[in-house]
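Worksheet for the structure shown next.
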Amino acid sequence: MASLTTVMAAVLLVAMFTSAYSGNFFDEFDLTWGDHRGKIFNGGNMLSLSLDRISGSGFKSKKEYLFGRIDMQLKLVAGNSAGTVTAYYLSSQGATHDEIDFEFLGNETGKPYVLHTNVFAQGKGNREQQFYLWFDPTKNFHTYSIVWRPQHIIFLVDKLSIRVFNNAEKLGVPFPKSQPMRIYSSLWNADDWATRGGLVKTDWSKAPFTAYYRGFNAAACTVSSGCDPKFKSSFTDGKLQVANELNAYGRRRLRWVQRYFMIYNYCSDLKRFPRGFPPECKKSKV
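Shown next as structure tokens:
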């Protein structure tokens, strides 16, 4: 039987990582491009990005993060969104940058969005997985989360794990763990590739296209102000928290998503890797 001390430690860890800081968009983000197409309103509790024929728009976080959990609620472009991409991601800068991506590829009215995920380490990506969602992401807000730890990266939708990218440095695979990253988001036109490989173009008669954001939460170490040593150690060494993130129920739900909603996995693409899959693919099952 687990000791009372062990149980209490587990409870405290869970509480710490589920009670994330809820940020005000005025305080936490800068609108970086698109002129008036990006807006912060409702007292800083809401943000919107828009795209028209002239330009898209975007924002980035004022802080840099090194490990943590980032949550954002999004309501995506409704109607005929073909050709549009709403990107929400963490990234450092430079040729050898690290990056953790959510990209939402629009589609014709009535057809599902494609959720595109990717991980870059030291400037190298090509680790894509794509999914259909089990709901309409344009009707209501849904929470999209990134858990970034030295052990793994987890992509979540409404607290449901959809992808785990494990640290496979022992196999010679680079992993993002030393470069601080900012949060970025943008809404832009990518009709040369985004919808059915570029076959479906953006219908500009439907512009402006608008995506909405709310509910930003960050339980993360910030470079500018540092973080509580207990918080940092729990993300770097916290075996209890790793177990909580990847418990048996979570692994079952992860397998459910990957079985029924995954539409592309680089670890299964024989045409792309005729000489053998990347080494981490052998370790990709959870």
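Counted the way mature numbering (1 follows the signal peptide of the UniProt record, and there is no 0) counts, the sequence shown spans residues -22 to -1, 1 to 264. We put the CB at the ideal spot given by N, CA and C, even for glycine.
Membership of V135 in the beta strand (DSSP E) is indicated by the continuous run 130 to 135.
Under DSSP, K17 takes part in a beta bridge, and its partners are S26. Cβ atoms of V92 and T188 stay farther apart than 8 Å, at about 19 Å. Taking 3 residues as the minimum length, the beta strand (DSSP E) runs contained wholly in the region 109 to 163 are 120 to 126, 130 to 135, 138 to 144, in order along the chain.
T180 sits buried, since 16 or more C-beta atoms from the chains shown fall within 10 Å of its C-beta. If only complete runs of 3 or more residues are kept, the region 43 to 72 shows the beta strand (DSSP E) at 43 to 53, 62 to 69, in order along the chain. Taking C-beta atoms under 8 Å as the contact rule, Q108 and R141 fail to qualify, at a distance of about 10 Å. The C-alpha of I124 lies about 15 Å from the C-alpha of T200. Residues V97, I131 of the same chain have their beta carbon placed closer than 6 Å to that of F143, with the five preceding and five following residues left out of the count. Setting aside the 5 residues that flank it on each side, K184 is surrounded in the same chain by G57, N58, each with a C-beta closer than 7 Å to its C-beta; the list follows chain order.
Note that the C-beta distance between G228 and S139 is below 8 Å.
For K41, the three-state secondary structure derived from DSSP is coil.
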